[in-house]
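**Student:** In order, the protein sequences belong to chains A and B. According to the numbering used here, the first sequence is numbered sequentially starting from 1. According to the numbering used here, the second sequence is numbered sequentially starting from 1001. Don't be surprised by glycine CBs; every beta carbon is placed ideally from N, CA and C.
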Amino acid sequence: MNKKDVKDEIRKLSDLERKKERELKDSENKTKREIEKTKAEFEKLDRYRENVAKKLTILEEQRKKAEDSKKEGEVAKIKLEIERELKKQEDSVSPITASLEKQKLRTESLMEESKKAKNELLELRKQKEAEIKKLSDFEAREKEEIRLEEEKKKQALLLEKQKKEQAIIKKKREAEEKKKLEIERRERERLEAEKRREGEKRKREEELRKKKEKEKQKMAEIERLSNLEKEKEKKIKDLEVLSGKETKKTKIAIQKIEKSKKEKEQEIKSLTKLEKEKENKLKNLENISKKTIEKLKSKLEKLQKSKEKETGKISAFEIPQVDQITNRFLVTFGASLRGLIPRAKDTFISLLPVGTEERYTKSRVLSLLNFVRNWAAVTALILIILFGGVYFLVNKFNSNIEKELTNLQTRPVTEELQKIRDKASGFNESIVLMESLEKEISRWSKLLEELDKNQVSGVIFTGLEAKSFQRGITLKGIAEKREDILAFRENLTKSEFFTDVNIPTKILEKAEEVPFIVTFKIKE
Amino acid sequence: MDIKKFLTTEEKIAGLAISDSKISIAFLKSLPRIKGKGIIIENLKEINLPEGTIEQGIVKNKTSLINGFKKLVLDVFPSKKIPKILPVILSLPSQKIYSQLFDFPDRITYDRLEESMKLTIGFSLPLKAEDCYLDWETSSFEEKKVLLALIKKEIVDSYLEVFNKVPILPIACELYSLSLNRIISSFEENPFCLAFIDSQGVEVGISKGKTLRFMEGLYWKDRLSSAEMQKVEEKKKITEELILKTINFYQTDKTDSDFIEKIYLIGEFSEISPLLNSLKEKSGKEVIIPKVPFEIEVSKKIEQIKSKILKLTNLENEKKKELKDFEEKNKKEITEIKNKLAELKEQKEKTIKELADLQIQKGKVLISDTKKEIEKAKVELAELKKQKKLL
Chain A
1 MNKKDVKDEI RKLSDLERKK ERELKDSENK TKREIEKTKA EFEKLDRYRE
51 NVAKKLTILE EQRKKAEDSK KEGEVAKIKL EIERELKKQE DSVSPITASL
101 EKQKLRTESL MEESKKAKNE LLELRKQKEA EIKKLSDFEA REKEEIRLEE
151 EKKKQALLLE KQKKEQAIIK KKREAEEKKK LEIERRERER LEAEKRREGE
201 KRKREEELRK KKEKEKQKMA EIERLSNLEK EKEKKIKDLE VLSGKETKKT
251 KIAIQKIEKS KKEKEQEIKS LTKLEKEKEN KLKNLENISK KTIEKLKSKL
301 EKLQKSKEKE TGKISAFEIP QVDQITNRFL VTFGASLRGL IPRAKDTFIS
351 LLPVGTEERY TKSRVLSLLN FVRNWAAVTA LILIILFGGV YFLVNKFNSN
401 IEKELTNLQT RPVTEELQKI RDKASGFNES IVLMESLEKE ISRWSKLLEE
451 LDKNQVSGVI FTGLEAKSFQ RGITLKGIAE KREDILAFRE NLTKSEFFTD
501 VNIPTKILEK AEEVPFIVTF KIKE
Chain B
1001 MDIKKFLTTE EKIAGLAISD SKISIAFLKS LPRIKGKGII IENLKEINLP
1051 EGTIEQGIVK NKTSLINGFK KLVLDVFPSK KIPKILPVIL SLPSQKIYSQ
1101 LFDFPDRITY DRLEESMKLT IGFSLPLKAE DCYLDWETSS FEEKKVLLAL
1151 IKKEIVDSYL EVFNKVPILP IACELYSLSL NRIISSFEEN PFCLAFIDSQ
1201 GVEVGISKGK TLRFMEGLYW KDRLSSAEMQ KVEEKKKITE ELILKTINFY
1251 QTDKTDSDFI EKIYLIGEFS EISPLLNSLK EKSGKEVIIP KVPFEIEVSK
1301 KIEQIKSKIL KLTNLENEKK KELKDFEEKN KKEITEIKNK LAELKEQKEK
1351 TIKELADLQI QKGKVLISDT KKEIEKAKVE LAELKKQKKL L
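1. Starting from K1291 (chain B), find everything on chain A with Cβ-Cβ shorter than 7 Å and list it in chain order.
2. For the putative contact between K1029 (chain B) and I1039 (chain B), defined by C-beta atoms under 8 Å, what is the C-beta separation to the nearest angstrom?
3. Closest Cβ-Cβ distance between F529 (chain A) and chain B: below 8 Å?
4. Would V1073 (chain B) pass as a contact of V1166 (chain B) if the rule is Cβ separation under 8 Å?
5. In whole angstroms, what separates the C-alpha of M1001 (chain B) from that of P1032 (chain B)?
6. Using the three-state DSSP reduction, which class does D500 (chain A) fall into: helix, strand or coil?
7. Does the CB of A335 (chain A) have a neighbour CB from chain C at under 8 Å?
8. Which residue wins for smallest C-alpha separation from E437 (chain A), given the options A:R197, A:K161, A:K25, A:S468?
9. Which of the three DSSP states is assigned to E542 (chain A) in this structure?
10. Kindly list, in the order they appear in chain A, the residues whose Cβ is closer than 8 Å to that of G1205 (chain B).
11. Could you tell me how far apart the beta carbons of Y1159 (chain B) and S1094 (chain B) are, in whole angstroms, since I believe they sit closer than 8 Å?
12. With DSSP as the reference, identify every bridge partner of I1039 (chain B), one or two as the case may be.
13. Secondary structure at E415 (chain A), three-state DSSP: helix, strand or coil?
14. Pull the bridge partners of I1047 (chain B) from the DSSP assignment, please.
15. Do R359 (chain A) and A1172 (chain B) have their C-beta atoms within less than 8 Å of each other?
16. Looking at the secondary structure, which residues open and close the beta strand (DSSP E) in which R950 (chain B) lies?
17. Would DSSP call V1073 (chain B) helix, strand or coil?
18. Does any C-beta atom of chain A lie closer than 8 Å to the C-beta of Y1250 (chain B)?
19. Under the three-state reduction of DSSP, which class applies to D1002 (chain B): helix, strand or coil?
20. Say whether chain B places a C-beta atom closer than 8 Å to the C-beta of K248 (chain A).
21. Run down chain B in chain order and give the residues with a C-beta less than 8 Å from the C-beta of E286 (chain A).
22. Looking at C-beta atoms only, is the number of pairs between the region 22-42 of chain A and the region 100-107 of chain A that lie closer than 8 Å three or more?
23. Let me know the secondary structure DSSP gives T107 (chain A) once reduced to three states.
24. Taking its Cβ as the centre, do 16 or more other Cβ atoms sit within 10 Å of N29 (chain A), making it buried, or is it exposed?
25. Compare the Cα-Cα distances from L352 (chain A) to each of B:L1148, B:L1065, B:K1153, B:F1187 and report the closest residue.
26. Pick from A:K276, A:K245, A:K269, A:V331: whose alpha carbon is nearest that of I1352 (chain B)?
27. Look up G1363 (chain B) in the DSSP assignment and say whether it is helix, strand or coil.
28. Measuring alpha carbon to alpha carbon, tell me which residue in A:T332, A:E286, A:R343 is nearest M1328 (chain B).
29. Relative to the alpha-carbon of F520 (chain A), which residue among A:Q255, A:K290, A:K128, A:R471 has its alpha-carbon at the smallest distance?
30. Looking at the strands, I want to know which residues DSSP matches up with A1195 (chain B).
31. I want to verify the contact list: residues of chain A whose CB lies under 7 Å from the CB of W1136 (chain B), in sequence order.
32. For N1048 (chain B), return the contacting residues in chain A, with the cut-off set at a CB-CB distance below 7 Å.
33. So does the region 286-301 of chain A actually touch the region 1277-1287 of chain B, counting three or more Cβ pairs closer than 8 Å?
34. Starting from A344 (chain A), trace the alpha helix (DSSP H) both ways and give me its first and last residue.
35. With DSSP as the reference, identify every bridge partner of D952 (chain B), one or two as the case may be.
36. Within the same chain, show all residues whose beta-carbon is closer than 8 Å to that of E41 (chain A), passing over the 5 residues directly before and after it, in chain order.
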């Protein structure tokens, strides 16, 4: 356990101590209050007892007096009073006593608790003291350690100082020795340098001599090389002349080679192309063949499977041949033979309960009814399909005709077709005109009648043009005088038969023999 | 298409034979006379029953029998829709059935025959009438002979309970001997004896004028021990005895008798073949193992499937050939292209080599001897100049 732990423990114990002290205080206060309360209760009880005793003394005196005076009735009454009083006292005192007993027990237990708390507190304090002691031990040890440490440091510093002093002395000695050696070395070097300088001087003289010789040799060599150079240059010139002659021939040869080279390259290219084509073809062929073979094989497998299936089926349907059937089956055939006899004619023995045949007849009737129902349903279905088919065909036919018509309408109009169309439209117009004329023929007679009615003397009609009553009518004529034509217009305007009567004003410039054109419409 | 059949929705009635170990079903078809074939077998199926399903004609394990019938129906209609009700004529072994031939006086008219029969059964049956299902048929109207058969209700009811759980509706139930008599009588005019032998027992019947007159039967278990049942000789002996006894009895009977000339043996060949010669010797009569008198109809469905298989086989062969041809052609084509490619590569390599040669040739032409000499001289000159400079 270290110092920190001990400190923590002390802190913890102090907290616990404080808590326990508080608890003890609370408990003591509580006990105190309880004791005071009990004391008050006892006092109250004593007072009550005193009062009762007083009362009883008075009653006793009264009883004695009554006995003395031989008033028996009164004596009995007082006795009863005494007894009542005693009982009252007992009744009042006994719960208080019981409560006091309880209180006493509570107080005792509180006191017990206080005592226990005190003990615990004491125990805690002891523990705390022990821990504090531990802490002081720790602190003492620490102080001792610090002191020892400081002493060590001091000694180390001293040692260091001594070492430094020794080092300084050593350095001084070394420096002195070094100085001596340096002086000796310099002297030696000076002597050696002198010797060297002399040797070098001799050497330089020797080298100079050699150099001069070499220079001579070099000059001779340069001369020789220059001669050689000249020779070579001459040779090159001669060779170049010769080479110029050869170049023409070479060019032709190169051209030839280049040409065949190009040809060869072209050939390689075409061969590569062909090779690639062949490879692709081979690849495609392999793929196709693989696929086709797989397809054929799967088809073959399917065929084999369906064949196996059919073979399996046949085994289910097949029955053995007659010569393979033992005559044991004659029993079955005999019974089956009876089944071929019409039921009504079957009078052979039947060892079945009565009603079996009826059951069979009933099932036959039921199946017949089912058959009729199915038959009717199928017939109805066929009829529905038939009608549906006819309806569909008619619809399709109609839509085809409509399509054809649309196609004809959208087809480009040729000159011939246009002519036919024009003719057709002219023909149609004529028909329409004829129809309208037919309708309006009665109105024409009325028009002529009305014109006649509104005609003015001096106005002659020369022409009447009208395509239909709706488009308007043009009447041409000549009037003797201007007034005549105005009168005629007046008449037409007033008439209930005509409307939109219009005469151009230009014609009125002439006074006599006035040609005119009147346009009007017929009222609906 | 048979319009009449289509309009009347005629139902086929099958024949269903039940033994202790097997159940078999057959569909016959009566062809129009113009085809001249008469009756043909349309379908025939048989399944084995697990041991203990039926013992001596009595149903012991209904669940097993129900499963057996379900399997049989599925076998009959492998790809078709199974009908809701499959009407059948049920045929049961005769051993558990009591039969008796009644001979009425000549004065009794046909109308009164029925009434007389009803009176007779009241006092001449071995079992109480209310405990049995019984029925009779007129064997011979001229001779005023009536054959009566009865079976305990519990036996038939146990079968009927099973039929309620499967789409099979029995509309009549008869004995093996009656079924056999019907079929043998279709080609045999004279009185005959028939014997049906199987692994469970033997039953013998006498037929005259195409009607059954007498029958007798027994189970091997009632006469033989388990070890003896394995021996053919024992069975053979009992069968011979029963056949001969029955023939003798009928030939000397007061009620109805006639001379029997032929014995028909029916059953598994292994069971009846040992009897053939010995019975002939012992009885002095003709012993016949009858064959199935009908032809088998080749179903249209089978025809269709067969033709489909044939087509598929042809197609398969065609495809195989196609595949083979294609592979060969393809192989050839690929080899050709590969060869061509190899040739091309070779040619290309050659051309590249030629090109390289040309390049070399060009180099050679470019660098002639004179030029070489010039170059050499120039180099030498340069060297000389260098040396000179150095100097």
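**Tutor:** Inspection of the coordinates gives the following:
1. N327
2. 7 Å
3. As displayed, chain A neither begins before 1 nor continues past 524, which places residue 529 (chain A) out of reach and without an answer.
4. Pairing V1073 (chain B) with V1166 (chain B) gives a Cβ-Cβ distance under 8 Å.
5. At M1001 (chain B) the pLDDT is 44, less than 50, meaning the model places this residue with poor confidence; the figure from the coordinates comes in the next sentence. Each residue's alpha carbon lies about 13 Å from the other.
6. Of the three classes helix, strand and coil, the one that applies to D500 (chain A) here is strand, per DSSP.
7. Of the protein chains in the structure, A and B, none is chain C.
8. For the record, residue 437 (chain A) in the displayed sequence is Leu; it is not Glu. Among A:R197, A:K161, A:K25, A:S468, the Cα nearest to that of L437 (chain A) is on A:S468.
9. Residue numbering for chain A in the displayed model covers 1 to 524; residue 542 (chain A) lies beyond these limits and cannot be assessed.
10. Simply none; closest approach about 11 Å.
11. The pair is not a contact, with the Cβ atoms about 15 Å apart (cut-off 8 Å).
12. Under DSSP, I1039 (chain B) takes part in a beta bridge, and its partners are B:S1030.
13. In the structure shown, E415 (chain A) sits in a helix (DSSP, three-state: H, G or I).
14. In the DSSP secondary-structure assignment, I1047 (chain B) is bridged to B:I1023.
15. Their beta carbons are not under 8 Å apart, which means R359 (chain A) does not touch A1172 (chain B) by this criterion.
16. Here chain B comprises residues numbered 1001 to 1391, so residue 950 (chain B) is not present and cannot be evaluated.
17. helix
18. Output row for Y1250 (chain B): interface = no.
19. In this prediction, D1002 (chain B) scores a pLDDT of 47, lower than 50, which makes its location untrustworthy; the coordinate-derived value is nonetheless stated afterwards. Of the three classes helix, strand and coil, the one that applies to D1002 (chain B) here is coil, per DSSP.
20. no
21. I1334
22. Cβ pair count under 8 Å is three or more, so yes.
23. helix
24. exposed
25. B:K1153
26. A:K269
27. helix
28. The question names Met, but residue 1328 (chain B) is Glu in the sequence shown. Among A:T332, A:E286, A:R343, the Cα nearest to that of E1328 (chain B) belongs to A:E286.
29. A:R471
30. B:V1204, B:L1265
31. I349
32. Residues of chain A passing the Cβ test: none, with the nearest at roughly 13 Å.
33. Because the criterion of three Cβ pairs below 8 Å is not met, the region 286-301 of chain A and the region 1277-1287 of chain B do not touch.
34. No alpha helix (DSSP H) contains A344 (chain A), which DSSP labels as neither H nor E.
35. Only positions 1001 to 1391 of chain B appear in this structure, which leaves residue 952 (chain B) out of reach.
36. Within the same chain, E41 (chain A) has close Cβ partners I96, S99, L100, Q103.
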